[in-house]
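The numbers in this note's numbering rise by one with no breaks, and the one at position 391 of the sequence shown is 517.
Notes follow the structure.
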Amino acid sequence: MEPHTIDPRRWMALAVLLTGTLLPPLDFFIVNVALPAIRTDLHASPADTQLVVSVYAAAYAVTLILGGRLGDIYGRKRVFIFGMLGFGIASALCGFAPSPAVLVAGRLLQGVSAAVMGPQSLASIHAIFPTEEKNRALSFYGATFGLASVAGQLLGGVLVSADLFGLGWRSVFLINLPVILLAMPAASRLLRENRAETSEVLDIPGALLLAAGLLALVLPLIEGRENNWPWWCISLLIVSVPLLILFWRLERAKESSGGSPLVYPSLFKKGGLRRNLSAAFFFYALASFFLIFAVYEQGALGHDTLATGLAILPLGIGFFLGPWCSPAIVSRLGSRTAAFGMLLEVTGLIVAGVLALNGITFYLFLPLFMIGLGQGIAVPAVVRLNVDEVDPRFSGLAAGLVTATFQVSAAVFVALIGGLFFTLAPDGARAEGIQFAFGVASLAIGLSLALAAMLSWKR
Numbered sequence: 127m128e129p130h131t132i133d134p135r136r137w138m139a140l141a142v143l144l145t146g147t148l149l150p151p152l153d154f155f156i157v158n159v160a161l162p163a164i165r166t167d168l169h170a171s172p173a174d175t176q177l178v179v180s181v182y183a184a185a186y187a188v189t190l191i192l193g194g195r196l197g198d199i200y201g202r203k204r205v206f207i208f209g210m211l212g213f214g215i216a217s218a219l220c221g222f223a224p225s226p227a228v229l230v231a232g233r234l235l236q237g238v239s240a241a242v243m244g245p246q247s248l249a250s251i252h253a254i255f256p257t258e259e260k261n262r263a264l265s266f267y268g269a270t271f272g273l274a275s276v277a278g279q280l281l282g283g284v285l286v287s288a289d290l291f292g293l294g295w296r297s298v299f300l301i302n303l304p305v306i307l308l309a310m311p312a313a314s315r316l317l318r319e320n321r322a323e324t325s326e327v328l329d330i331p332g333a334l335l336l337a338a339g340l341l342a343l344v345l346p347l348i349e350g351r352e353n354n355w356p357w358w359c360i361s362l363l364i365v366s367v368p369l370l371i372l373f374w375r376l377e378r379a380k381e382s383s384g385g386s387p388l389v390y391p392s393l394f395k396k397g398g399l400r401r402n403l404s405a406a407f408f409f410y411a412l413a414s415f416f417l418i419f420a421v422y423e424q425g426a427l428g429h430d431t432l433a434t435g436l437a438i439l440p441l442g443i444g445f446f447l448g449p450w451c452s453p454a455i456v457s458r459l460g461s462r463t464a465a466f467g468m469l470l471e472v473t474g475l476i477v478a479g480v481l482a483l484n485g486i487t488f489y490l491f492l493p494l495f496m497i498g499l500g501q502g503i504a505v506p507a508v509v510r511l512n513v514d515e516v517d518p519r520f521s522g523l524a525a526g527l528v529t530a531t532f533q534v535s536a537a538v539f540v541a542l543i544g545g546l547f548f549t550l551a552p553d554g555a556r557a558e559g560i561q562f563a564f565g566v567a568s569l570a571i572g573l574s575l576a577l578a579a580m581l582s583w584k585r
């Protein structure tokens, strides 16, 4: 990027873009705390409250790649503002929902809008910042994820307990509205439009086929364990395979004929993108740690919800601080920064697992902090490894690919690690059994992250 092309307002624009980065994960974490109040107030069934979480997660994962391509084709500024508007409307629909059905519909719209809005932040950072500033900009991007993980759990509890204006749980959704009302005019004023230079059209058949394939894969992984793997979950998992194969063949044919596919298969001919996306997949196995840690704290140690939220705080603090260390580490380690962060996580997981296996329930602060610090260092590094592998005109696609990989990984490993954990510690298990299951599951997550570190290590 030549000096005269550098946007002089890029750092102010970054603050607006990070709003679009913060809101999607924040709304995932913040709602978990409000579920008991939602269930009581709306007389919702357990299935309804599960859908409040799973519909958002599934819609977000399924449409991320489409969201990234929309920005490439129609302009990232325009799509970012459109996605933010949709997210605001969805938040209002959730906040004023009179019934569980309306709330679930609002969460579906929230998930789709988040997937449209989110990739534009990462793609725009890649487009507007010169090479020498990208690491610093991405450190802010990574810190925003850390902030969402800390603030989501705590803010949800505070808002529900404070019962502002008698809104109760509704405030966890309505809190988005003033943020969006400030961010949208700022985005219109500060963001510079950027898109792919070549003229392309949206691959609607490819988008629908990919959405169907990913939905058939992700939804059973989210719902299966809670519902004891009913027949429809197994059936959808089986159907997802031919759907995704058909999608890939369609994209190859469309690219070969000179068309505009949703995903360009030729991008994967270089081993770098395949290897780095594989690293991103195994890296996000950490998502399952939050599940097993919550059960461990409450089932083995007897802590309540508030104490459990406070116990995970060292991880959140490390996650928030890690990205600020990332630029200094990049200057020394370069492309191996991601592997360094992951190895910190592996160390923390091994220590936590060994402590649990030996019945030691204290001294978890340091390993949790190491896990969070490593995650905070690795997130921006993993993102950049993937986005740097593609031409800038495909940066929206790359952003959608890496973020979708994270989400699919989260669903897969929550199912796999959660299955391992609950097999070792079924309902009614004693505290010692839960400690053992937590230790084994922590080591299994560490193994996955060690594999991710190997894949991301550049020689």
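We treat Cβ as the ideally placed atom computed from N, Cα and C, and that holds for glycine.
Along the chain, where does the alpha helix (DSSP H) containing residue i start, and where does it finish?
i: Ser186; result: Looking at the sequence provided, one finds Tyr at residue 186 rather than Ser. Its alpha helix (DSSP H) spans residues 172–200.
i: Ile132; result: Element bounds for Ile132: n/a, residue is neither H nor E.
i: Phe562; result: 557–582
i: Gln424; result: Premise fails: Gln424 is in no alpha helix (DSSP H) and is neither H nor E.
i: Gly545; result: 521–550
i: Ser239; result: 226–254
i: Pro518; result: Looking at the DSSP string, Pro518 is not in any alpha helix (DSSP H), and its letter there is neither H nor E.
i: Arg315; result: 302–316
i: Asn512; result: 491–513
i: Glu349; result: 330–349
i: Glu471; result: 463–483
i: Phe291; result: Element bounds for Phe291: n/a, residue is neither H nor E.
i: Gly460; result: Segment: none, Gly460 is in no alpha helix (DSSP H) and carries neither H nor E.
Since I believe residue j is in contact with residue i (beta carbons under 8 Å), could you give me their beta-carbon distance rounded to a whole number of angstroms?
i: Val508; j: Ser582; result: 7 Å
i: Arg136; j: Leu523; result: Actually they are not in contact, since the Cβ atoms of Arg136 and Leu523 sit about 22 Å apart, beyond 8 Å.
i: Pro391; j: Arg378; result: 5 Å
i: Gly545; j: Ala551; result: Actually they do not touch by this definition, with Cβ atoms about 11 Å apart.
i: Asp198; j: Arg519; result: 7 Å
i: Leu393; j: Gly332; result: In fact, because the Cβ distance is near 14 Å, the residues do not count as touching under 8 Å.
i: Ile455; j: Ile503; result: 6 Å
i: Leu234; j: Val181; result: 5 Å
i: Arg202; j: Ala249; result: 5 Å
i: Val472; j: Phe271; result: Their Cβ separation, rounded to whole angstroms, is 20 Å, which puts Val472 and Phe271 out of contact at 8 Å.
i: Val157; j: Val142; result: Their Cβ separation, rounded to whole angstroms, is 24 Å, which puts Val157 and Val142 out of contact at 8 Å.
Does the ligand SAH have even one heavy atom less than 6 Å from the beta-carbon of residue i?
i: Gly385; result: By its list of ligands, the structure shown contains no ligand whatsoever, and the ligand SAH lies outside what it can speak to.
Query raised in the report: Counting Cβ pairs closer than 8 Å, one from the stretch 251–270 and one from the stretch 165–182, do we hit at least three?
Result: no
Requested in this report: Please determine if the stretch 263–282 and the stretch 429–449 are in contact, where contact requires at least 3 C-beta pairs separated by less than 8 Å.
Outcome: yes
Query - Three-pair Cβ contact test at 8 Å for the stretch 141–159 versus the stretch 494–512 - result: no
**Report entry** Runs of alpha helix (DSSP H) wholly within the stretch 351–422 (minimum 4 residues, chain order)
**Finding:** 357–382, 397–409, 413–421
Query raised in the report: Is there contact between the stretch 186–194 and the stretch 295–315, where contact requires at least three CB pairs shorter than 8 Å?
Result: no
Query raised in the report: Per the contact definition of three or more C-beta pairs closer than 8 Å, is the stretch 205–217 in contact with the stretch 301–310?
Result: yes
**Report entry** Inter-stretch contact (C-beta, 8 Å, three-pair minimum) for the stretch 306–322 and the stretch 354–372
**Finding:** no
Query raised in the report: Is the number of C-beta pairs between the stretch 173–183 and the stretch 228–242 that are closer than 8 Å three or more?
Result: yes
Requested in this report: Say whether the stretch 525–540 touches the stretch 235–252, bearing in mind that this needs 3 or more beta-carbon pairs closer than 8 Å, one atom from each stretch.
Outcome: yes
Query raised in the report: Between the stretch 456–474 and the stretch 567–583, do three or more beta carbon pairs fall short of 8 Å?
Result: yes
Query raised in the report: Should the stretch 471–489 be regarded as contacting the stretch 562–569, the criterion being three or more beta carbon pairs within less than 8 Å?
Result: yes
Requested in this report: Kindly confirm or deny that the stretch 406–419 and the stretch 528–544 touch, where touching means at least three C-beta pairs closer than 8 Å.
Outcome: yes
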